[in-house]
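Read the structure below first, then the notes.
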Amino acid sequence: MKAAVIEKFGDFDTLQIKELETPSPKAGYVLVKILASGVNLLDHYIRKGEIVSELPFPHILGADAAGEIAQLGEGVNGFNEGERVIIVPGFPGDESHLDIRPTATAPSFGLPGLHIPGTYVQYMEVPAYAIVKDNTGLTVEESATLGVPLATGVHAVKGVGEDKAGDKVLIQNGASGSGSIQIQIAKALGAEVATTVRSDEKAAYAKSLGADLVINTTNEDLVVKVQEWTGGTGADVTIDNLGGDVLAQSINATKATGIIVAFGFTAGPEVKFDIRSLFFGLKQLRGSMASDVEHLNWGLEQVAAGKIKPTLDGTFLLSEAGDVHKLLAEGKVKGSHVLLPWA
Ligand SMILES: NC(=O)c1ccc[n+]([C@@H]2O[C@H](COP(=O)([O-])OP(=O)(O)OC[C@H]3O[C@@H](n4cnc5c(N)ncnc54)[C@H](OP(=O)(O)O)[C@@H]3O)[C@@H](O)[C@H]2O)c1
């Protein structure tokens with residue numbers, strides 16, 4: 003089978019196609035024929051060596067995928083060959099850790115493409131508990147965009163951020179793969195949403211996703227705009243997908259006693275802020291990482307109900323994985339992108 007692998011950390015061209023042996027599923031496992039693999043900015047950071055300093059090379063990247071069951075391992079019940087499924091974006095390797103919550107704290111937790119071989123591949127062998135049935139009614143390309151953005155978004159917005167109906171929520175970087183889904187999650191929960199972008203084109207896109215207020219931070223002051231929008235109090239919840247020098251603004255745009263969820267570091271991994279801006283207002287800065295299968299299932303129910311729509315922006319060949327990383331890294335895209343391993 004074909005896989006897009008890296009043999010070392012490096013630039014976009016380190017991603018190369020390699021022929022690997024097709025696995026055959028162990029007892030309790032299934033072999034999934036991957037029909038579309040979702041690409042996340044995280045994959046780019048892993049490829050560069052910015053997430054972990056060692057990997058067993060050759061390493062297959064990719065955390066997201068949708069496909070169909072090619073083969074059932076011994077003892078697997080409840081699934082049929084040919085059935086459409088989505089790979090759970092992160093799960094324990096040891097079945098005895100299945101009930102640990104948050105799942106990412108399980109000692110055997112593995113994210114495909116990081117801790118275990120990933121989804122940029124034609125076939126993937128996973129435990130049967132690491133797939134969910136795809137009842138969304140979407141195309142397989144659309145389904146492949148959902149895993150990480152949807153499940154981690156539900157974790158961050160609904161779980162860690164405790165966003166609820168009537169809240170005013172600020173979502174930083176609303177046109178990104180994660181932000182574009184988080185806007186819709188917050189709306190599905192009944193919240194009002196403000197979001198940030200850096201171009202008029204992305205502002206129109208964020209608006210089309212249901213954002214009530216779109217702030218273009220190239221010519222508008224984020225904190226002033228959010229204060230105006232909330233009558234001077236600040237957002238109830240802020241999802242900070244950016245980090246870097248943006249986190250200080252996220253704190254200042256959040257109301258006293260509000261929650262700021264640190265979710266990403268697109269603007270940089272190191273942050274600086276006035277500590278008084280946090281504790282004088284009794285604000286809470288919380289981290290959110292990965293997701294539980296319950297977050298994925300809740301999100302997929304919203305998708306099936308038409309409340310959250312996939313944000314597929316482009317499809318590419320598996321051999322173009324490096325080009326997609328480049329597009330993402332250069333910020334030339336909005337929404338999510340997939341690779342087609344069989345095209
Ligand atoms: N915590 C978790 O569980 C989790 C899960 C998934 C992803 N993440 C993190 O969430 C973040 C977003 O991921 P993603 O896949 O949604 O990203 P993405 O779609 O690739 O978004 C990248 C976009 O960010 C925009 N951006 C806005 N402000 C920026 C700035 N100051 N510097 C650089 N780019 C800026 C760029 O567009 P413009 O230039 O047009 O603004 C760029 O297109 C990443 O840091 C990722 O690691 C966390």
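If you read the sequence shown in this note's numbering, its first letter stands for residue 3, the second for the next number, and so on. Even glycine gets a Cβ: it sits at the ideal position worked out from N, Cα and C.
Checking the DSSP bridge columns, you'll see Tyr31 partnered with Pro129. Among the bridge pairs identified by DSSP, Val216 is matched with Thr197. Apart from sequence neighbours up to five positions away, the residues of its chain that approach Val273 with a beta-carbon distance below 8 Å are Gly245, Gly246, Asp247, Leu249 and Ala250, ordered along the chain. Boundaries for Lys170: no alpha helix (DSSP H) harbours it, while the beta strand (DSSP E) harbouring it runs Lys170 to Ile173, taken from the DSSP string. When the five nearest sequence neighbours on each side are left out, the beta carbons in the same chain lying within less than 7 Å of the beta carbon of Glu85 are those of Glu70, Ile71 and Lys135, in order along the chain. Set against 7 Å, the gap from the CB of Thr107 to the closest heavy atom of ligand 1 is not smaller.
By the C-beta density criterion, Phe93 is buried, having at least 16 other C-beta atoms within 10 angstroms. A distance below 8 Å separates the beta carbons of Lys257 and Thr232.
Looking only at Gly112, Ser178 and Asn243, the smallest Cα-Cα distance to Gly333 is reached by Ser178. Check the Cα spacing between Thr317 and each of Val295, Glu296 and Pro343: the tightest is with Pro343.
DSSP lists Gly69 as the beta-bridge partner residues of Ile36. For Val340, the enclosing beta strand (DSSP E) covers residues Ser338 to Leu342. Boundaries for Glu296: no beta strand (DSSP E) harbours it, while the alpha helix (DSSP H) harbouring it runs Val295 to Ala306, taken from the DSSP string. Ranked by how close their Cα comes to the Cα of Gly115, the residues Leu74, Gly192, Ala306 and Val54 have Val54 in first place. The Cβ atoms of Ser39 and Ala132 lie no closer than 8 Å to each other.
Separation of the CB atoms of Asp294 and Arg103 is rounded to 6 Å, and the pair is thereby assigned contact status at 8 Å. Taking a 10 Å sphere around the C-beta of Arg49, we find 16 or more other C-beta atoms and assign the residue as buried. Note that the stretch 157–168 touches the stretch 278–295; at least 3 beta-carbon pairs, one per stretch, sit closer than 8 Å. One alpha carbon belongs to Ala269, the other to Val216, and they sit about 19 Å apart.
Counting only unbroken stretches of 3 or more residues, the beta strand (DSSP E) elements lying wholly within the stretch 118–167 are 125–129 and 133–135, in sequence order.
Taking Val78 as reference, the option from Asp101, Val32, Pro58 and Pro119 with the minimal CA-CA separation is Val32. Collapsing the DSSP output to three states places Thr105 in a helix. An exposed status is given to Gly308, since fewer than 16 other beta-carbon atoms sit within 10 Å of its beta-carbon.
Cβ contact annotation for Glu164 (same chain, cutoff 8 Å, sequence separation greater than five): Val239 and Ile261, in chain order.
Inclusion of Leu330 in the 7 Å shell around ligand 1 follows from its C-beta lying nearer than that to a non-hydrogen atom of the ligand. Inter-residue distance for Leu330 and Leu280 is about 32 Å (C-alpha atoms, whole angstroms).
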